[in-house]
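K.L.:
FYI, the numbering for the sequence shown is 1 to 399, going by my numbering.
Idealized CB from N, CA, C, for every residue including glycine.
Note that the structure is predicted; figures quoted are calculated from it, not measured.
Sharing a structure below in structure tokens format, with a few things to ask.
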Amino acid sequence: MSAEGEPESRNVPDQLLYLDNAATSYPKAPGVVEAVVEHLRDIAGNAGRGTHTFAAMADRLLWETRRELGALFGTREATRWAFTLNATDALNAALKGYLRPGDHVIASPLEHNAVARCLRHLEKTRDVKITRLPYVPGMGVDPNDVARLVRHNTRLVVAVHASNVTGEILPVRELALEAHNRGLTILIDATQTAGVLDLPAEAWGLDMVACTGHKSLLGPQGTGALYVRPGLELEPPRQGGTGTQSERDEMPTDWPEAMEAGTMNGPGLAGLLAALRWLRRKTVRAVREDELVLMRHLIAALAEIPGLHIYGPRKAEDRTGLVSVNIGDEDPAWAATELEAQGILIRSGLHCAPWAHQCLGTLKRGTVRLSLGPFLTADDIDRAVAALARIAAVAVGVR
Ligand SMILES: Cc1ncc(COP(=O)(O)O)c(C=O)c1O
């Protein structure tokens, strides 16, 4: 059992240092493991199916989770949060549910394949046209470019809140303003920022926000959510039972049922609820402050390593808790193997975001990505930096 406020990570040997939190967070927030177990053991019902005690318990849990998401993202209408399998599922639901044949989309140049591949598919199947915002290394994305790229058939701007390759934070508030000035809808992919950066969806006028439960929200895999502002309707992503209006063989139009056919991931969402409650107590601001302390330390120390190239902004404030690097011309996979030999687990290669790698010129080999979580310490950062310094010294033959 973990001590009060401490995350549970008992199956990972002490000598392993996990720095792949951008892929999925580990350990999870305190209370997540217990909440999943409790759901499987004690909440036997299926939410929305039946009126008995167990079904009501399961239903209440989903509503509490929607309300916690609303509190996190500053949205008032809990019905407008639909649960999904993950961010990919949420982004597919948003893009496929909103875009019509012949529509034009303006996308950020740093989109993950969850958006890029979905748009490519819609290009083929619905003749959707895609324009990427220009990317200037060192300058990032300019929201004013939206006005320049708008066409008569443009309906959507889609942007990732922070890149999973460089960690850089995009000006999504300004992009939303530009989009709305032109009468466009905006969709934000908050996968890498939910729980770390504030994203007040209503105050910033965000029409749709997608997130995943298992990264910086510190919940279980198999959970995600899509927020769609009241009044914006989407085609349902799938058809099936919802436990409501069962006399009809068409999907209900009421939310969230319209978006949630089939049984939800009750145990996973119980875990997500525990994580969201932990985050509310801790506060996003405190998580971010801790992250900034570690990131300033990490970036400054990495900048001292000869032969090591850091991608993305130099200022910690301009990025989330991840950094991509390369050691000279060395293969990132080699660096990952060397790091693992020293007990450090990171991700190397391409990070499912070919557009971002094109922007950085790393499409061929990718990068070495270190990504932090809220339970790491300055000692952990020192250990990772020392390991990278040793590897870089070998690579450049400085020994
Ligand atoms: C920016 C971004 N968007 C979307 C995704 C997809 O998330 P998931 O695998 O939870 O669907 C990821 C995953 O790495 C991501 O980093």
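Compute the beta-carbon to beta-carbon distance between Leu-61 and Leu-302, rounded to the nearest angstrom, for a pair I have assumed lies under 8 Å.
P.N.:
Between Leu-302 and Leu-61 the Cβ distance is about 42 Å, and since that is not below 8 Å, they are no contact.
K.L.:
Rounded to a whole number of angstroms, what is the C-alpha to C-alpha distance between Ala-3 and Glu-34?
P.N.:
Unreliable placement is indicated for Ala-3, whose pLDDT of 47 sits below 50; the coordinate value is still reported in the next sentence. Cα to Cα, the separation comes out at about 13 Å.
K.L.:
Cα-Cα, which of Leu-276, Leu-345, Leu-232 and Leu-95 is closest to Arg-369?
P.N.:
That would be Leu-345, whose Cα lies nearest to the Cα of Arg-369.
K.L.:
Any idea what DSSP makes of Trp-334, helix, strand or coil?
P.N.:
In this structure, Trp-334 counts as helix in the three-state DSSP scheme.
K.L.:
On a Cα-Cα basis, can you pick out the residue from Thr-166, Arg-148 and Met-295 that is closest to Gln-358?
P.N.:
Checked all of Thr-166, Arg-148 and Met-295; the closest Cα to Gln-358 is Thr-166.
K.L.:
Considering only the alpha carbon of each residue, which of Asp-20, His-121, Ala-58 and Arg-281 lies closest to Gly-243?
P.N.:
Nearest option by C-alpha distance: Ala-58.
K.L.:
Should Ala-191 be listed as close to ligand 1, given that the test is whether its C-beta is under 6 Å from any heavy atom?
P.N.:
The question names Ala, but residue 191 is Thr in the sequence shown. Yes; taking the cut-off as 6 Å, the Cβ of Thr-191 has a heavy atom of ligand 1 nearer than that.
K.L.:
Please identify the residue among Ala-389, Ala-393 and Ala-384 whose C-alpha is closest to the C-alpha of Leu-16.
P.N.:
The shortest Cα separation from Leu-16 among Ala-389, Ala-393 and Ala-384 belongs to Ala-384.
K.L.:
Give me the Cα-Cα distance between Ala-210 and Ala-389, rounded to the nearest whole angstrom.
P.N.:
Taking the straight line joining both Cα atoms gives about 37 Å.
K.L.:
Apart from the five residues on each side of it in sequence, which residues of its chain come closer than 8 Å, Cβ to Cβ, to Glu-174?
P.N.:
Pro-143, listed in sequence order.
K.L.:
Bridge partners of Arg-319, per DSSP?
P.N.:
Paired residue(s): Glu-168.
K.L.:
So, with DSSP's three-state summary, where would you put Val-435?
P.N.:
In the structure displayed, the chain extends from 1 to 399; residue 435 sits before or after that span and is not available.
K.L.:
Which value, in whole angstroms, describes the spacing of the CA atoms of Arg-399 and Ala-387?
P.N.:
Residue confidence for Arg-399 is low, a pLDDT of 48 falling below 50, so the modelled location carries little weight; the figure read from the coordinates is stated next. Cα to Cα, the separation comes out at about 13 Å.
K.L.:
For Gln-239, tell me which candidate among Val-228, Thr-51, Glu-260 and Pro-313 has the shortest Cα-Cα distance.
P.N.:
The shortest C-alpha separation from Gln-239 is found at Glu-260.
K.L.:
With distances taken between CB atoms, is the gap from Ile-305 to Ala-392 smaller than 7 Å?
P.N.:
In this structure, Ala-392 lies closer than 7 Å to Ile-305 by Cβ.
K.L.:
If we require 3 or more residues per run, which beta strand (DSSP E) segments fall completely within the stretch 253–314?
P.N.:
Within the stretch 253–314, the complete beta strand (DSSP E) runs of at least 3 residues are 308–310.
K.L.:
Evaluate Val-157 with the Cβ neighbour count: other Cβ atoms within 10 Å of its Cβ, from every protein chain shown; 16 or more gives buried, anything less gives exposed.
P.N.:
So Val-157 ends up on the buried side.
K.L.:
What does a CB cutoff of less than 7 Å around Gly-74 pick up in its chain, not counting 5 residues either side in sequence?
P.N.:
Correct list, in chain order: Pro-200, Ala-201, Glu-202 and Ala-203.
K.L.:
Alpha carbons only, please: which of Leu-206, Leu-226 and Asp-207 is nearest the one belonging to Gly-213?
P.N.:
If we check each option's Cα against that of Gly-213, Leu-226 comes out closest.
K.L.:
Does the distance from the CB of Ala-194 to the CB of Ser-216 come in under 7 Å?
P.N.:
Their beta carbons are under 7 Å apart, which means Ala-194 touches Ser-216 by this criterion.
K.L.:
Looking at the unbroken beta strand (DSSP E) that takes in His-104, where does it start and where does it end?
P.N.:
Taken as a continuous stretch (DSSP letters only), the beta strand (DSSP E) holding His-104 covers 104–107.
K.L.:
Within the present structure, is the beta-carbon of Thr-337 separated from the nearest heavy atom of ligand 1 by less than 6 Å?
P.N.:
No.
K.L.:
Tyr-98 by DSSP, collapsed to three states: which one?
P.N.:
Residue state, collapsed to three classes: helix.
K.L.:
At a cut-off of 6 Å, would you count Asn-86 as near ligand 1, judging by its Cβ distance to the nearest heavy atom?
P.N.:
Yes, the beta carbon of Asn-86 sits closer than 6 Å to at least one heavy atom of ligand 1.
K.L.:
From which residue to which residue does the beta strand (DSSP E) around Ile-346 run?
P.N.:
First-last for Ile-346: undefined, no H or E at that position.
K.L.:
By the three-class DSSP mapping on this structure, what secondary structure does Leu-17 have?
P.N.:
If DSSP states are grouped into helix, strand and coil, Leu-17 belongs with the strands.
K.L.:
Kindly indicate which three-state DSSP category Met-57 falls into: helix, strand or coil?
P.N.:
In this structure, Met-57 counts as helix in the three-state DSSP scheme.
K.L.:
Could you check if His-112 belongs to the surroundings of ligand 1, using beta carbon to heavy atom distance under 6 Å?
P.N.:
Checking every heavy atom of ligand 1 against the Cβ of His-112, one is found closer than 6 Å.
K.L.:
What is the rounded straight-line gap between the Cα of Thr-263 and the Cα of Leu-149?
P.N.:
Those two C-alpha atoms are separated by around 41 Å.
K.L.:
Buried or exposed for Lys-28, going by 16 or more other Cβ atoms inside 10 Å?
P.N.:
Per the 10 Å Cβ criterion, buried.
K.L.:
Label Ser-246 either buried or exposed according to how many other C-beta atoms from any shown protein chain fall within 10 Å of its C-beta, with 16 as the threshold for buried.
P.N.:
Burial call: exposed.
K.L.:
If I measure Cβ to Cβ from Arg-182 and keep anything under 6 Å in the same chain, skipping five residues before and after, which residues do I get?
P.N.:
Cβ neighbours of Arg-182 beyond the five flanking positions: Val-150.
K.L.:
Is Trp-405 helix, strand or coil by DSSP?
P.N.:
The requested residue 405 does not occur in the structure, where the chain is confined to residues 1 to 399.
K.L.:
Using only the heavy atoms of ligand 1, determine whether one of them is closer than 6 Å to the beta carbon of Asn-21.
P.N.:
Checking every heavy atom of ligand 1 against the Cβ of Asn-21, none is found closer than 6 Å.
K.L.:
Within the present structure, is the beta-carbon of Pro-160 separated from the nearest heavy atom of ligand 1 by less than 6 Å?
P.N.:
The question names Pro, but residue 160 in the sequence shown is Val. Yes; taking the cut-off as 6 Å, the Cβ of Val-160 has a heavy atom of ligand 1 nearer than that.
K.L.:
Output needed for Pro-252: all residues of its chain with C-beta closer than 7 Å, excluding positions within five of it in sequence on either side, in chain order.
P.N.:
Closer than 7 Å at the Cβ level, and outside the excluded window around Pro-252, lie Thr-242, Thr-244, Gln-245 and Ala-258.
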